[in-house]
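K.L.:
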Amino acid sequence: MPSNKGDVLSARVDTKSGPVQGSEADGVASWLGIPYAAPPWGELRFKEPQPITPWNETRSAVRAGPPAPQAIQLPGSAMEPSDDEAPDCLTLNVWAPSESGDARAVMVWLHGGAFLAGAGSDPAYAGTALAKSGVVVVTINYRLGVDGFGHIDGAIANRGLLDQVAALEWVRENIGAFGGDPERVTVFGESAGAASILALLTMPRARGLFHRAILQSVSHSFFTSALALSVTEAVAVEAGVPADADSLAQLSPQQLAAATRNVIGQVRTRSDWGRLRFSPSVFGPVIDGDILPEDPWAALRSGVARDVALIVGHNRDEYRIFLAGQQRLGRITDEEADAALRTLAPNEDADAYRALMPDAGPNELLEKVTGDWLIIAPTMQAADAARDGGGAVFAYELCLDPAGPMGSPHTLDLPLTFDTFDKGMGVLIPNPTAGEIETGALLRQAWTRFASQGDPGWTQWGDDRAVQIWGRENPVEHYPESDRLDLSLSDPTRPLDLVLIPTP
13 MPSNKGDVLS ARVDTKSGPV QGSEADGVAS WLGIPYAAPP WGELRFKEPQ PITPWNETRS
73 AVRAGPPAPQ AIQLPGSAME PSDDEAPDCL TLNVWAPSES GDARAVMVWL HGGAFLAGAG
133 SDPAYAGTAL AKSGVVVVTI NYRLGVDGFG HIDGAIANRG LLDQVAALEW VRENIGAFGG
193 DPERVTVFGE SAGAASILAL LTMPRARGLF HRAILQSVSH SFFTSALALS VTEAVAVEAG
253 VPADADSLAQ LSPQQLAAAT RNVIGQVRTR SDWGRLRFSP SVFGPVIDGD ILPEDPWAAL
313 RSGVARDVAL IVGHNRDEYR IFLAGQQRLG RITDEEADAA LRTLAPNEDA DAYRALMPDA
373 GPNELLEKVT GDWLIIAPTM QAADAARDGG GAVFAYELCL DPAGPMGSPH TLDLPLTFDT
433 FDKGMGVLIP NPTAGEIETG ALLRQAWTRF ASQGDPGWTQ WGDDRAVQIW GRENPVEHYP
493 ESDRLDLSLS DPTRPLDLVL IPTP
């Protein structure tokens, strides 16, 4: 690789597994569909990721690899679920500035999708805009659904997280050949991707593989072993097989996806699953005592990740997009709001939550209490826990108001992060204004500055609760949701657990 500034980075790169040939356009070189682990099928089904077989001939890297099998299709995604029963899905993609020079900070994206869907190869996550800001960008695919996160007797737990670890190990070993600095790796992700990062921060196997992290809207997606086993048993019942690794491995990913969809349709009838009934997913990281040893919020508070600087934040109107998808936006009854408050309010204290918003109607109450439980409390309690553990934390809130009634819902940050207003959840900002385009540019500037220097440009999260507000004039101000955060802190976020139902 050329070493002088101004030279052009070669699109042919030698990785530890073999040479790859990428492409170059508009000042950015890219390499797509590079395998970082062996396809996880056949004898490798439900196993931890295994090394890829090396190759000698130059491998074309101009097309993204296939996504992992999907149980659902995400709104706005152009990627349809594949019918391939054994896709070579453990691949990653790299973007780097074409101009060579000093080693650059690296940003590794972990996609969201409720641990059921999504892919780093989605065009909405193209790393071109961030690479133009001077960083090397990596996006990855990882196993989803039963294959990635089903808790199965006879199988190692948290296989999707182990895929992410394998990808980060690939980055450590190979990213220098693409112009990246393996000592300045930032992981960033949204929703299930942010929850994955929360897990990685506390996983012994991930220690030292990244140095900074950006958590965008952490989802309430952690399970105890008991609840996770119960979900797997329900999927196995729908599939008509025993809930063990050998039996489940006889089914194709598509058969397991169909069984999972049936279970999702029944989840609200499972009183023994407790608050999981209010989650959009039945899978997530499992506190198994080994791969993921403990509650991540408690682990952060103990200081386990104090050496990793964090950006942590969320969107103002997180749950609104879910209500819109359910065609319930503006249609919530008093009875529905009361039921949500009794179940999801901190300490199940509906009166205390209602007292914070005495003038709110049923729509606002249900939206806020569900969004707080599902995303905002897990996110901001992670910020508090990391700060209490001695780490450097910077907080933000997205408060844009594009045209229409959606405000700043879940996923609105994605087109801002990648400058992909014409793809994916860019549909939420159909005609971006100059101010919205500028907000995206400022956010990306802060993210890449943080990846390079460890400081995004505003005050750390502390007792004064200063946050960067993305939207309007982009000020730094006191956290707008402090009253609700105070209440949520009285009922710490914990992994979802099985509820024992008394026998009649």
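Residue numbers for the sequence shown, in the working numbering: 13 to 516. A virtual CB, placed ideally from N, CA and C, is assigned to each residue, including glycine.
State the beta-bridge partners of residue 408 as determined by DSSP.
P.N.:
For the purposes of this step, residue 408 is identified with residue 396 of the sequence shown, where counting begins at 1. DSSP, once it has assigned bridges, lists 325, 480 as partnering residue 408.
K.L.:
Go through its chain and collect everything with a Cβ distance to residue 500's Cβ below 7 Å, but skip five positions before and after it.
P.N.:
In the sequence shown, residue 500 corresponds to position 488, counting from 1. Excluding positions up to five away in sequence, the list reads 358, 384, 389, 393.
K.L.:
To which residues of the same chain is residue 218 closer than 6 Å at the C-beta, ignoring the five residues directly before and after it?
P.N.:
Along the sequence shown, read from residue 1 onward, the residue named residue 218 stands at position 206. Same-chain partners within the cutoff: 177, 212.
K.L.:
Any idea if residue 24 is buried or exposed, counting beta-carbon neighbours within 10 angstroms, 16 or more meaning buried?
P.N.:
Start at 1 with the first residue of the sequence shown, and residue 24 comes out as number 12. When all chains shown are included, residue 24 counts as exposed.
K.L.:
Counting along the chain, where does the alpha helix (DSSP H) carrying residue 196 start and finish?
P.N.:
Indexing the sequence shown from 1 puts residue 196 at position 184. From DSSP, residue 196 is part of no alpha helix (DSSP H) but of the beta strand (DSSP E) over 192-203.
K.L.:
For a test of the three-state rule: what should DSSP assign to residue 294, helix, strand or coil?
P.N.:
Within the sequence shown, numbered from 1, the residue matching residue 294 stands at position 282. Residue 294: coil per DSSP, three-state reduction.
K.L.:
Output the distance between the C-alpha atoms of residue 423 and residue 483, rounded to the nearest integer angstrom.
P.N.:
As a position in the sequence shown, residue 423 is number 411, starting the count at 1. As a position in the sequence shown, residue 483 is number 471, starting the count at 1. Cα to Cα, the separation comes out at about 15 Å.
K.L.:
Given a cut-off of 9 Å on the beta-carbon distance, is the pair residue 173 and residue 304 in contact?
P.N.:
Translated into positions along the sequence shown, residue 173 becomes position 161. Translated into positions along the sequence shown, residue 304 becomes position 292. Yes, the Cβ-Cβ distance between residue 173 and residue 304 is below 9 Å.
K.L.:
In whole angstroms, give me the CA-to-CA distance for residue 34 and residue 142.
P.N.:
Along the sequence shown, read from residue 1 onward, the residue named residue 34 stands at position 22. Along the sequence shown, read from residue 1 onward, the residue named residue 142 stands at position 130. Looking at the two C-alpha atoms, the distance is approximately 18 Å.
K.L.:
Determine the DSSP secondary structure at residue 433, reduced to helix, strand or coil.
P.N.:
By one-based count along the sequence shown, residue 433 stands at place 421. Reduced to three states, the DSSP call for residue 433 is coil.
K.L.:
Taking all protein chains shown into account, decide if residue 153 is buried (16 or more other Cβ within 10 angstroms of its Cβ) or exposed.
P.N.:
Taking the first residue of the sequence shown as position 1, residue 153 is located at position 141. By the neighbour-count rule (16 or more Cβ atoms within 10 Å), residue 153 is buried.
K.L.:
Which of helix, strand or coil does DSSP assign to residue 438?
P.N.:
Here the question's residue 438 lines up with position 426 in the sequence shown. DSSP places residue 438 in helix when its eight states are reduced to three.
K.L.:
Could you please give the first and the last residue of the uninterrupted alpha helix (DSSP H) stretch that includes residue 171?
P.N.:
Residue mapping note: residue 171 aligns to position 159 of the sequence shown, counting from 1. Where residue 171 is concerned, the enclosing alpha helix (DSSP H) stretches over 171-186.
K.L.:
In chain order, what are the residue ranges of uninterrupted alpha helix (DSSP H) at least 4 long that sit wholly in the stretch 209-254?
P.N.:
237-251
K.L.:
Between which two residues does the beta strand (DSSP E) holding residue 64 run?
P.N.:
By 1-based counting over the sequence shown, the position of residue 64 is 52. Residue 64: not part of any beta strand (DSSP E); DSSP gives it neither H nor E.
K.L.:
Within this structure, are the beta carbons of residue 196 and residue 463 separated by less than 9 Å?
P.N.:
Translated into positions along the sequence shown, residue 196 becomes position 184. Translated into positions along the sequence shown, residue 463 becomes position 451. The answer is yes: Cβ separation under 9 Å.
K.L.:
Could you check whether the stretch 427-446 touches the stretch 341-351, counting it as contact only if at least three pairs of C-beta atoms, one from each stretch, sit closer than 8 Å?
P.N.:
Two segments are said to touch when three or more pairs of C-beta atoms, one from each, lie closer than 8 Å; by this definition the stretch 427-446 does not touch the stretch 341-351.
K.L.:
Using a Cβ distance threshold of 8 Å, determine whether the stretch 109-116 contacts the stretch 255-263, with at least three qualifying pairs required.
P.N.:
no
K.L.:
Does DSSP put residue 103 in a helix, in a strand, or in coil?
P.N.:
As a first step, residue 103 is located in the sequence shown; it is residue number 91 there, counting from the start. DSSP places residue 103 in strand when its eight states are reduced to three.
K.L.:
The beta strand (DSSP E) that contains residue 36, what's its start and end?
P.N.:
Translated into the one-based positions of the sequence shown, residue 36 becomes position 24. Counting along the chain, the beta strand (DSSP E) containing residue 36 begins and ends at 35-37.
K.L.:
Check residue 261 in the structure and name its three-state DSSP category.
P.N.:
As a first step, residue 261 must be located in the sequence shown, where it is residue number 249. Residue state, collapsed to three classes: coil.
K.L.:
Mark residue 490 as exposed unless 16 or more other C-beta atoms lie within 10 angstroms of its C-beta, in which case mark it buried.
P.N.:
Position 478 of the sequence shown, counted from the start, is the residue given in the question as residue 490. By the 10 Å Cβ count, residue 490 comes out exposed.
K.L.:
Does residue 43 come out as helix, strand or coil in the three-state DSSP assignment?
P.N.:
Residue mapping note: residue 43 aligns to position 31 of the sequence shown, counting from 1. Of the three classes helix, strand and coil, the one that applies to residue 43 here is strand, per DSSP.
K.L.:
The alpha helix (DSSP H) with residue 369 in it runs from where to where?
P.N.:
Here residue 369 is taken as the residue at index 357 of the sequence shown, counted from 1. First-last for residue 369: undefined, no H or E at that position.
K.L.:
Select from 261, 307, 209 the residue whose C-alpha is nearest the C-alpha of residue 237.
P.N.:
Taking the sequence shown and counting its residues from 1, the one referred to as residue 237 is at position 225. Out of 261, 307, 209, 307 has the C-alpha closest to the C-alpha of residue 237.
K.L.:
Is the stretch 120-135 in contact with the stretch 157-174, if contact means three or more CB pairs nearer than 8 Å?
P.N.:
yes
K.L.:
By DSSP's criteria, residue 109 is part of a beta bridge. Which residues make up the other side?
P.N.:
Residue mapping note: residue 109 aligns to position 97 of the sequence shown, counting from 1. Answer by DSSP bridge pairing, in chain order: 40.
K.L.:
Would you kindly work out how many angstroms separate the C-alpha atoms of residue 239 and residue 507, rounded to a whole number?
P.N.:
Numbered from its first residue, the sequence shown carries residue 239 at position 227. Numbered from its first residue, the sequence shown carries residue 507 at position 495. Cα atoms of residue 239 and residue 507: separation of roughly 10 Å, rounded to the nearest angstrom.
K.L.:
Classify residue 339: buried if its beta carbon has 16 or more other beta carbons within 10 angstroms, exposed otherwise.
P.N.:
For the purposes of this step, residue 339 is taken as residue 327 along the sequence shown, with counting starting at 1. By the 10 Å Cβ count, residue 339 comes out exposed.
K.L.:
For residue 391, name the three-state secondary structure that DSSP assigns.
P.N.:
To locate residue 391, count along the sequence shown from 1; it is residue 379. Helix.
K.L.:
What span of residues does the alpha helix (DSSP H) with residue 152 cover, start to end?
P.N.:
As a first step, residue 152 is located in the sequence shown; it is residue number 140 there, counting from the start. From DSSP, residue 152 is part of no alpha helix (DSSP H) but of the beta strand (DSSP E) over 148-152.
K.L.:
Looking at the secondary structure, which residues open and close the alpha helix (DSSP H) in which residue 346 lies?
P.N.:
Along the sequence shown, read from residue 1 onward, the residue named residue 346 stands at position 334. Where residue 346 is concerned, the enclosing alpha helix (DSSP H) stretches over 346-356.
K.L.:
Can you tell me the Cβ-Cβ gap for residue 435 and residue 108, rounded? I've got them flagged as a contact below 8 Å.
P.N.:
As a first step, residue 435 is located in the sequence shown; it is residue number 423 there, counting from the start. As a first step, residue 108 is located in the sequence shown; it is residue number 96 there, counting from the start. Not really, about 21 Å apart at Cβ, beyond 8 Å.
K.L.:
Taking one C-beta from the stretch 46-57 and one from the stretch 81-93 each time, how about it: are there three or more such pairs within less than 8 Å?
P.N.:
no
K.L.:
Is any non-hydrogen atom of the ligand PLP found closer than 8 Å to the C-beta of residue 462, if you look at the structure I gave you?
P.N.:
Ligands displayed in this structure: none; no statement on the ligand PLP is therefore possible.
K.L.:
Within the chosen definition, does the stretch 146-166 reach the stretch 288-302 through at least 3 CB pairs nearer than 8 Å?
P.N.:
yes
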